Structure formats: C-alpha cells, structure tokens
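Accompanying notes for the structure given below.
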Amino acid sequence: MPSLFEPFSSRDLTLPHRVVVSPMCQYSSIDGFASDWHLVHLGSRAVGGAALVMTEASAVTAEGRISPQDLGIYLDAHIEMLARIVRFIHTQGGAAGMQLAHAGRKGSTPRPWDGHTAVPPEEGGWQPVGPTDEPFSDTFPVPRPLATEEIPALVDAFGHAARRAAAAGFDLLELHAAHGYLIHEFLSPLTNARTDRYGGSFDNRIRLCLEVVDAVRQVWPERLPVWLRISATDWVAGGWDVDEAVELARRVRDRGVDLIDCSSGGLLLSQKIAIGPGYQVPFAERIRHEAGIATGAVGLITTATQADEIIRKGQADCVLLARQMLRDPYWPMHAAQELGVTFPWLVQYSRAAPDGSPKRPPRLSD
C-alpha cells in the first residue's frame, strides 16, 4: 500500500488516506454567507474522494474578512448553509474542516481579479486592524492599531466562531496564522513593533496565537482535532523564521494543537521565495521531527508519486492540495489509479471506474 493511501488519525478523527483539500479563497460570499457555489465547489472535491475537505479562510468577525466577498462565521445565521455543506461532504465519506481566520491589515481589499487597492466604505469596505498602523503596501488600506484592551474580544471571536463551527457539524478546525494575516502579523518582528505585552520578545509576539488556541480548545470538542497553519518563514532577513516556527509548534502542541500546516511567506512584498516543486516540504519535515508534532505539507505538490514520497519519507503526515485540486477535483481517485491502489468509486460513476474498483455507495445525509 503506498503511504499516501494509508489511514491517518488526528484525535478521534480517522481519515481513510492522507489527501486533504487545502483552504482556497473563493471570494463568492455576500455578507459572509456560504452559497450554492461553496456547496458545489467543496462538494465536488468530496465526490472526488478527498479524505478531508477544508473551507476557505472563514472570517471570525466582519472586519476580519480579506474582501467584502469572503466567507464568514461571525453570525449564527451563517450556520445553516455551512451545515448543509458539511452534511453533503459526509454523504460522500469525507470529513469536513473549517479554517478560522482574521485578515488583519490585509482586510478591506478587492477580490484578486478586481485589483489590489482599498475598498472604500461606500463599496462595502472598512478600516482594517493590525498590530500597528503600517499598511501592507502603498495601495492597501491603512490599518487601525489594535488597543491592548481590544484584543480579548478578538480572541473571544475565535471562540465564538469555533462554537458555530461545532454547531454546523465540522469535524476539524484549522486556525490561520500564516500569509501575513492578523496572527502572523503579531508573530513576526517585521510587522509587530508593539511595546505592550503583545510585542517585542518572542513570548510576547506569540501571545495572541496562544490565546486564540486556548479560546478555541476551550469550546471545541476534546475528541476533535485543531490544526494550525503557519508561515514557517517570512522569506525576509530578520523576520519570522523556521527556528521560531519550531518553538511555536512545541508550545501549541502542549496546548492542544494536533498538526502544523506548514506554509510560508505572505507578510511582506519584499519576500524572496525560492519556489519549486515541494519547496515548503522541508519546513514540514523539520517541524515534524524537532517539535514532535504531526505536520501537513503544502505548496506545488502536483503528482501522486511526489505526494506519496513525502509521506513515505516521513517528511509530513498528510499533503494539502490547492491549485491541483482546482485543476482536477478527482485527483485522489486518479492518484490512486496511478499508484495502483484499489479506490472506491461512487456508484453513480462506477461505469467509468477502473476494473475491480469497489463501489462507494451513496449515504443518507446526517
């Protein structure tokens, strides 16, 4: 059995294999609500056989959205459609994960295909918040620095969002602390010049992240996993680096985080990224071995043999695919065929399945 198709357990959640749909922003919401687009987009990846299907970054407050079209989980009213999506993913035999996020200073910006400027209030924009008043770029909005006394309410927002995710039936939560969004902005010395208890030393810069982990773990079921996505490096001299990422991983492991999803970059335009196939896999490997925590590898993972090798060599415990899943929603089924694995096909699609494929029967919704 290729390593990629061995089961993987995270707390009481056991995935039948190790192919995960990575969070991918769709910019297709109104007022944070999931829509038929999300049902079809996420549902089709479940039909394609992914073990775990993750939502896009889902904002825990309205001002925590990247764009006015971002998915949110800051209202109880958001639960109903999200629960429908979860139920459908479950009917396909997949697990459903939600990524909780706050965009920080990168909020109130247009969808990528509409440019990279600030969205004015008359078009649904707002003043974003950040650790300081320094904007991401000259074209992005100028953030309002968070006052120290405001931070507990923001931490609570993650906890409230986790409660809503549980009510919607999600099996797993991932906290977004990467790509230059709010928690990452606090982690990095390049964007965190605060002089209060949330800035300066390493212990102070990671404080917000740890408080968010604690708030979520307090309300999220003990039997279900919490993952953390980080940027393992800023790719900028003097910034957040892999040494700090390893130490953060150790700290959150002891507070109930079960896996580190190892991405990188996104904090500054001056980053110099050495991009190539699997370029972030070494981060996952080092954190896995030095911090003693499960890791996920992400970034330019495109082929079945490449993904299987990552797992077989012990570089990560699962692979998270994004753009390749956009190109091919049925990648897990095709990867299994390439690696010679017997993989269940939906009964509705069985006429197209390789000879000898077991049938994946439809299941009633939860």
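Here the sequence shown is numbered in my numbering, starting from 5 and rising by one per residue. Cβ coordinates follow ideal geometry from the N, Cα and C atoms, glycine included. In this text the structure is predicted, and so the values were computed from the model without any measurement.
- Query: Considering only residues of the segment 17–67, which uninterrupted beta strand (DSSP E) runs meet the minimum length of 3 residues and lie entirely inside it, listed in chain order?
  - Reply: If we require 3 residues or more, the beta strand (DSSP E) runs fully inside the segment 17–67 come out as 17–19, 23–25 and 56–63.
- For residue 329, the three-state DSSP class (helix, strand or coil): Three-state DSSP puts residue 329 in a helix.
- Alpha-carbon spacing of residue 217 relative to residue 103, whole angstroms: Looking at the two C-alpha atoms, the distance is approximately 13 Å.
- Message: What ranges does the beta strand (DSSP E) occupy inside the segment 154–202, keeping only unbroken runs of at least 3 residues that lie completely in it?
- Response: Within the segment 154–202, the runs of beta strand (DSSP E) that reach at least 3 residues and sit entirely inside it are, in chain order, 176–181.
- Query: Going by beta carbon distance, what residues of the same chain come within less than 7 Å of residue 90, once the five residues before and after it are set aside?
  - Reply: Non-local C-beta neighbours of residue 90 in its own chain, meaning closer than 7 Å and more than five positions away in sequence, comprise 100, 172, 173 and 174, ordered along the chain.
- Count the other CB atoms within 10 Å of the CB of residue 5; is the residue buried (16 or more) or exposed (fewer)? Residue 5 comes out exposed.
- Query: Relative to the alpha-carbon of residue 22, which residue among 357, 273, 263 and 275 has its alpha-carbon at the smallest distance?
  - Reply: The residue from 357, 273, 263 and 275 with its alpha-carbon nearest to that of residue 22 is 263.
- Item | DSSP state of residue 369 mapped onto helix, strand, coil | Legend: pLDDT at residue 369 = 49, less than 50; position of this residue unreliable, no value from coordinates given.
- Message: For the segment 254–270 against the segment 291–299, do three or more pairs of beta-carbon atoms, one drawn from each stretch, fall closer than 8 Å, so that the two count as touching?
- Response: Cβ pair count under 8 Å is three or more, so yes.
- Item | Beta-carbon proximity list for residue 228, same chain, < 7 Å, skipping 5 on both sides | 15, 16, 17, 175 and 176.
- Identify whether residue 240 lies in helix, strand or coil by the three-state DSSP scheme. DSSP places residue 240 in the coil class of the three-state scheme, outside both helix and strand.
- Report yes if the C-beta distance between residue 136 and residue 54 is below 9 Å; otherwise report no. Result no, Cβ atoms of residue 136 and residue 54 do not sit closer than 9 Å.
- Task: May I ask you to report which of helix, strand or coil DSSP gives residue 335?
- Result: Helix.
- Which residue's Cα is closest to the Cα of residue 249: 192, 219, 138 and 272? When only C-alpha atoms are compared, the closest one is 192.
- Message: Using a 10 Å radius around the Cβ and a threshold of 16 neighbouring Cβ atoms, would you call residue 330 buried or exposed?
- Response: Exposed: under 16 other Cβ atoms inside 10 Å.
- Query: beta strand (DSSP E) containing residue 232: first to last residue?
  - Reply: For residue 232, the uninterrupted beta strand (DSSP E) segment begins and ends at 230–235.
- Proximal residues to residue 51 (C-beta, below 6 Å), its chain only, five neighbours per side dropped: Sequence-distant partners of residue 51 (beyond 5 residues in either direction) whose C-beta falls short of 6 Å from its own C-beta, in its chain, are 96.
- Message: Measuring only the C-alpha atoms, how far is residue 75 from residue 149?
- Response: One C-alpha to the other measures close to 24 Å.
- Identify every residue that forms a DSSP beta bridge with residue 93. Residue 93 pairs with nothing; no bridge assigned.
- Query: Is it true that the CB of residue 93 sits closer than 9 Å to the CB of residue 57?
  - Reply: A contact, by the Cβ cut-off of 9 Å.
- Query: From residue 107 to residue 361, what does the alpha carbon distance come to, in whole angstroms?
  - Reply: For residue 107 and residue 361, the distance between alpha carbons rounds to 43 Å.
- Taking the C-alpha atoms as reference points, what is the distance between residue 311 and residue 211? Roughly 34 Å separates the two Cα atoms.
- Are residue 320 and residue 266 closer than 9 Å when you measure CB to CB? For residue 320 and residue 266, yes; Cβs fall inside 9 Å.
- Message: Is it buried or exposed, residue 215, if we count other Cβ atoms within 10 angstroms and call 16 or more buried?
- Response: Under the 10 Å beta carbon count, residue 215 is surrounded by 16 or more other beta carbons and is classified as buried.
- Task: Report buried or exposed for residue 81, applying the criterion of at least 16 other Cβ atoms within 10 angstroms of its Cβ.
- Result: Counting the other CB atoms within 10 Å of its CB gives residue 81 a total below 16, which places it among the exposed residues.
- Cutoff 6 Å; reference residue 306; Cβ partners in own chain excluding five residues on either side: Only 328 meet the Cβ criterion.
- Cutoff 8 Å; reference residue 10; Cβ partners in own chain excluding five residues on either side: Excluding sequence positions up to five before and after residue 10, its CB lies within less than 8 Å of the CB of 21, 22 and 315, all in the same chain and listed in chain order.
- Would residue 36 pass as a contact of residue 66 if the rule is Cβ separation under 9 Å? Going by C-beta atoms, residue 36 is nearer than 9 Å to residue 66.
- Does DSSP put residue 349 in a helix, a strand or coil? Strand.
- Message: If contacts are defined as beta-carbon pairs under 8 Å, then residue 88 and residue 178 qualify, I think. What distance do you get, rounded to the angstrom?
- Response: Between residue 88 and residue 178 a beta carbon distance of about 21 Å is seen, past the 8 Å cut, so the two are scored as non-contacting.
- Query: For the segment 67–149, which segments carrying the alpha helix (DSSP H) assignment without a break, of at least 4 residues, lie completely within its bounds, in sequence order?
  - Reply: Counting only runs of 4 or more, we get 83–95.
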